[in-house]
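Notes for the one structure printed next.
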């Protein structure tokens, strides 16, 4: 448990460490004043401490907690700065803050005390009895006793510590000043309990680098009075002209008497010059006056020292114990703003006494609806007897309306009216009712006392700023498609309630504006903006939320103002991607001259860059379908359809190329659609023509003689054979060669089919010859091998033999001889036999050679 006890606040007093000295001519008086005040303070606070100690003794028997029962450390500072071990300090306030750490084993009882003794080089400042609380309960009190120079913490709630008997840390804080007996500029060696050893020197500080300063001293005879000093141009610089000094006495003090002073050329040696006469002092009101030096406001080569008094009219802070006073200085070459302060040793009863025959009329101003501002409203103090305006005043920032002092010289009762001037502040409704102030002046033994009472305490105005509105905005971007107005929906949601407070759709430019939000009071409102997922095909929606804070402020001029702050400037970004589509490109194939079969021909689909993007073969019905083309983006696509020339025998290929345009469009519903258009239908026409085939029909004639069927040589041209077509037309009539053979000219066929011919022998008239009258049918079958060639198969086209029969008594005649002439029988002449033999041998060789040649041709 940590228990902190502050008998005095640790407030930074930036200027208390230095009280500027008076000039040489007044050097003795501040020391005398300080000494007097110190002795008087000691006496008063000693009596107060004794009374409090007696009261404490009446309640609890004190038992000192021994040093062996705790650990104690002390924070020792002057104003807010740590005191240096060998420091030199002027008349500042020293803050002493001891902290006690008490272990668990030590039990605190009512009346137990912790006493801190301050070294006698300092004088502690009395604070009276201060209660100490912890956990909402009073657990003790602290008394600072200047008589003994101690601060004592007394435990008064042992029950609290009994139920929370854990490690305890107790802290108290109080203030001290140099003891009056401590001389200046002499080192003081002492030990500060819990902080260590110090060697400090008390000095007189008069550091004034600017040459402009102000300070005050509490009057030794009347602690309600403060003697103020203002020193201007301390170093008597040249060229300081057109000087204006403005002094502002704060609330809680009032100017007393008259201002005096003098001019000087050497502050250190007290060299005065010129008379104070001619110095212009102008009172704007009781608390503000302006001083213009004589000689036309010139301080060229001289300084000015001003002296005046103020009376403390309100209780002072018993902790800080000081009074503040402000002054400003301007000249042609310089401008200074500085505060003076007066340390107060005596505060009890100061500022609480009656103001004798002087009345300061004051009322309060309340403004409902907004913060009141200083000098915002005007008021009049009116003498009810003659309706004359006695004084005017404005409110301060706390609402206090304070008129200048009115001094009453006669005994009696006087009535005044306080009225508010009706202004024209925007949004303000004025209080038109008067406040009646009644002053009763009494005279007791020649001393007049004036007391004032009011029929009410305050003027109450109301402020109502006019309502305002705000349009919350967002933005929408769409990738992949053109954004259209009202395409997407958005919601504005109150973050605090989760309620949708507005819906909006985007404009064509992507801007989104919600209906105006109306506000009639200042404050902050937080919203989130989100997009409604309409689940339209092809769209991806942005699922983020954007936060916007709307600050509604009152401009003080009767109007609310709204300002939106967006957590991010990022808008909503959607994408659109239509689903891909496909298209089957088709063509057709016709074939002349043959029956079309499936997969017989190949076709290619070529894109604009000449790349083959698809191949297909025909079906048996001639239809051609390419593999489906896929498209994932809208646009126009160009293709060509062509047939691939595979060079199959007998075929003539169509070399045409057909243009095809595919228009791919987005239907706006998340789907691409493809449509093909041809300049003309892609119809390919091929033809088939197999190569012609031929057939050579041949036959042979022979002669048989007698019963033994003896072969009789056939003479050339002895017989005639005919080849007749199916219509009976004789195509060829040929005679036999010397071998009896007849070879007809080749028959040519250019189409497949069945062909029939007749092979017959013409009946001759040779005596004794019976001609073979058998008729042979030559049946020819012509077929297409599908490879561009006709093939011939025939019956009786070759090898047919016509057998003619010669009667045995008959002889075949030489067709070259005259049948009427008898041939003489002659014996061969010598040598003729050999010649005949050679001729016959040569004939045989020719036949053999022909046979060999024919055989080679057949082989080849």
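Numbering (this note's numbering), first residue to last: 5 to 864.
For each residue, glycine too, the CB sits at the ideal point set by N, CA and C.
Predicted model, so just to flag it, every value in this text is computed and none were measured.
Annotation for residue 163: the continuous alpha helix (DSSP H) segment containing it runs 162-167.
Counting other Cβ atoms within 10 Å of its Cβ, residue 705 reaches 16 or more and is therefore classed as buried.
If you draw a straight line from the Cα of residue 536 to the Cα of residue 367, it is about 59 Å long.
Judged by their CB atoms, residue 480 and residue 494 are nearer to each other than the 9 Å cut-off. According to the DSSP assignment, residue 298 belongs to the alpha helix (DSSP H) that extends over 298-301. According to the DSSP secondary-structure assignment, residue 522 is paired through a beta bridge with 473.
Taking each of 564, 99 and 397 in turn and checking the Cα distance to residue 379, the smallest one comes out for 397. For residue 347, the secondary structure class from DSSP, reduced to helix, strand or coil, is strand.
Per the coordinates, the alpha-carbon of residue 740 lies some 48 Å from the alpha-carbon of residue 657. Residue 596 counts as exposed, since fewer than 16 other beta carbons sit within 10 angstroms of its beta carbon. For residue 445 and residue 436, the gap between their C-alpha atoms comes out near 29 Å. Counting every other CB atom within 10 Å of its CB across the protein chains shown gives residue 455 a total below 16, marking it as exposed.
Residue 649 is bridged by DSSP to nothing; it lacks a bridge partner. In this structure the region 300-307 touches the region 239-248; the number of beta carbon pairs closer than 8 Å is three or more. In the structure shown, residue 279 falls within a coil segment according to DSSP collapsed to helix, strand and coil.
Restricting attention to 345, 400 and 363, the CA atom closest to the CA of residue 371 is found in 400. Between residue 757 and residue 796 the beta-carbon gap is near 11 Å, outside 8 Å, which marks them as no contact. The C-alpha of residue 418 is placed about 12 Å away from the C-alpha of residue 390. Around the beta carbon of residue 698, fewer than 16 other beta carbons sit within 10 angstroms, so the residue counts as exposed.
Counted as a single uninterrupted DSSP element, the beta strand (DSSP E) harbouring residue 610 occupies residues 606-611. Taking C-beta separations shorter than 7 Å and ignoring five residues to either side along the sequence, the partners of residue 630 in its chain run 588, 589, 609, 618 and 620, following chain order. The continuous beta strand (DSSP E) containing residue 493 extends over residues 493-498. Nearest Cα to residue 486 within the set 513, 477, 505 and 763: 513. A check of alpha carbon separations from residue 489 across 515, 68, 719 and 681 identifies 515 as the nearest.
The C-beta separation of residue 412 from residue 452 comes to about 7 Å, placing the pair in contact by the 8 Å criterion. Of all C-beta pairs linking the region 569-584 to the region 674-686, three or more are shorter than 8 Å, placing the two stretches in contact. By the CB criterion at 9 Å, residue 219 and residue 345 fall inside the cutoff. Selection 763, 767, 689 and 702 evaluated against residue 743 yields 702 as nearest (Cα-Cα).
A residue is called buried once 16 or more other Cβ atoms fall within 10 Å of its Cβ, and residue 460, having fewer, is exposed. With 16 or more other Cβ atoms inside 10 Å of its own Cβ, residue 593 counts as buried.
By the CB criterion at 9 Å, residue 548 and residue 574 fall inside the cutoff. Only exposed fits residue 203, as fewer than 16 other CB atoms lie within 10 angstroms of its CB.
Assignment of residue 572 by DSSP, reduced to helix, strand and coil, places it in the coil class. Look at the region 381-439 and you find these whole runs of beta strand (DSSP E), each 3 residues long or longer: 382-387, 392-398, 404-411 and 416-424.
Beta-bridge partners of residue 479 (DSSP): 515. Fewer than three Cβ pairs drawn from the region 272-279 and the region 223-232 lie within less than 8 Å of each other, which leaves the two stretches out of contact.
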